[in-house]
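To keep things clear, I will list the structure first and then write my remarks on it.
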Amino acid sequence: LTRIDPLTPISWLCEMVVYTGTGRFADATAIARKVQTLLEPFSPIWIHVAWQGLLAGGYELEARDVLEQYCARVPDGTYRSLARFLLAAVDRDPGAARRALTTSVETAAMWQEHLARILADACARLGDTDEALRWLKASIDRGAINYPFFAEHNPLLEPIRSDPRFKELMAGVRRRWEAFPPVGAARVMESCRW
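For the sequence shown, my numbering begins at 571 and goes up steadily by one.
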């Protein structure tokens, strides 16, 4: 996609997601920085760029800055509320997170696996295991079954990995993951580069 349409942010976002899903966070972060240069100020892709910084580790201040810029630019609504919630997660401030999480964010996350996954990550970072597992299950129920990402690669889920409920969820995800023919990260990346 990036060869066919290099000036469209979603092309780069797709590549970033593949790198993230395969645990190549440094590569995904480099793509995230490139995406930032293409984004309109109101694009919700800013949220994914910020979250990528947390997944990569060592970019908390950068992620915080991206979320703050986004909140300053967008009007009140679902994505601004989500960005505020994620800012609270970056700061590990459960009180601010509770105040920021709106019904519209939760409703959107119930329909979008990637938003549910981000909420799971944020809740795990905030130390709220029950909510992290609830959102992780919602993400899985919507089709997110990248077993290696959940079970091994995603550092934000580390605080909940020892919970028996996480292990039970992962057993189901692993069965679904292994039911697909092997694709391999190289083939996935090649398919993104048409």
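Ideal Cβ positions, reconstructed from N, Cα and C, are used throughout, including at glycine. Note that the coordinates shown come from a computational prediction; the quantities given were computed from them, not determined experimentally.
Measuring straight from C-alpha to C-alpha, what distance separates E630 and T572? So the alpha carbons of these two residues sit roughly 27 Å apart.
Where Q682 and S674 are concerned, what is the direct C-alpha to C-alpha distance, given to the nearest angstrom? Taking the straight line from one Cα to the other gives about 12 Å.
Quick check on DSSP: helix, strand or coil for E638? E638: helix per DSSP, three-state reduction.
Identify which residue in N724, L685 and Y589 has its Cα closest to the Cα of A708. Across the set N724, L685 and Y589, the C-alpha of L685 shows the shortest separation from the C-alpha of A708.
Whole-angstrom distance between A692 and R735, CA atom to CA atom: Those two C-alpha atoms are separated by around 18 Å.
Looking at the unbroken alpha helix (DSSP H) that takes in Y589, where does it start and where does it end? Its alpha helix (DSSP H) spans residues P579 to G591.
Hey, would you say W616 sits closer than 9 Å to Q639, going by beta carbons? Taking 9 Å as the Cβ cut-off, W616 and Q639 qualify as a contacting pair.
Counting only the same chain and skipping the five closest in sequence on each side, list residues whose C-beta sits under 7 Å from that of L726. Taking L726 as the centre and dropping the five residues before and after it, the same chain places the C-beta of L624, L625, D691, A694 and R695 closer than 7 Å to its C-beta, in chain order.
Anticipated Cβ contact below 8 Å, M586 with I601, distance rounded: That belief holds up - the Cβ atoms of M586 and I601 are roughly 4 Å apart, short of 8 Å.
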